[in-house]
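FYI, my numbering numbers position 93 of the sequence shown as 93, with every residue one higher than the one before it. Even glycine gets a Cβ: it sits at the ideal position worked out from N, Cα and C.
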Amino acid sequence: MPALTDRPTALYRCKDTTGRLLYVGVTTDPDVRFKRHEATAPWWPLVAERLVDWHPTRPAAEEAEATAIKDESPLYNRAGSDSPQALAEDFPVEREVSKNQLRLRLADVLHASAVEGRITYITSNGRRVAAIAPLAVAEARTT
1 MPALTDRPTA LYRCKDTTGR LLYVGVTTDP DVRFKRHEAT APWWPLVAER
51 LVDWHPTRPA AEEAEATAIK DESPLYNRAG SDSPQALAED FPVEREVSKN
101 QLRLRLADVL HASAVEGRIT YITSNGRRVA AIAPLAVAEA RTT
């Protein structure tokens, strides 16, 4: 098998229903990468269109990716235009979050609890399994 840098590599773009560019990335296996985004990226539900362009090598795809991020300004590329604050504003913490979303957004969930005084329930397979609560709420329940 050729080295990763010598293998054909896809440059992919994810767009919303209006054609707005959400994310640009590179991978040798788009299906696997899309499943990973589906499990962890808070912006994934916005994706309506996925475009894939193959490049002969990974370095060629990475060069095209850097150019795309710079020139096309995708909304959620951390390397290009994303910031944690923008992500928190665009994707507020819901009353319930999955364990996968908690891994990705722990700082946002803790902020919602500590600053906003909200209880956030953590779910697994759609069932509540734990909660993150403001300290005052937790202490009131233990006394």
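query	result
Simplified DSSP state of ASP29, which is helix, strand or coil	coil
PRO30 and ALA10 closer than 7 Å at C-beta	yes
Distance CB(ASN100)-CB(THR142) smaller than 7 Å	no
Three-state secondary structure (DSSP) of GLU116	coil
Chain-order list of residues whose beta-carbon lies under 8 Å from that of ARG103 (same chain, five-residue window excluded)	THR40
Nearest residue (CA-CA) to ALA138, options GLY126, ASN125, ARG128, THR120	THR120
For ALA60, the first and last residue of its enclosing alpha helix (DSSP H)	58-72
Identity of the residue in ASP108, VAL52, LEU21, ALA61 nearest PHE34 by Cα	VAL52
For LEU75, three-class secondary structure by DSSP	coil
For VAL47, the three-state DSSP class (helix, strand or coil)	coil
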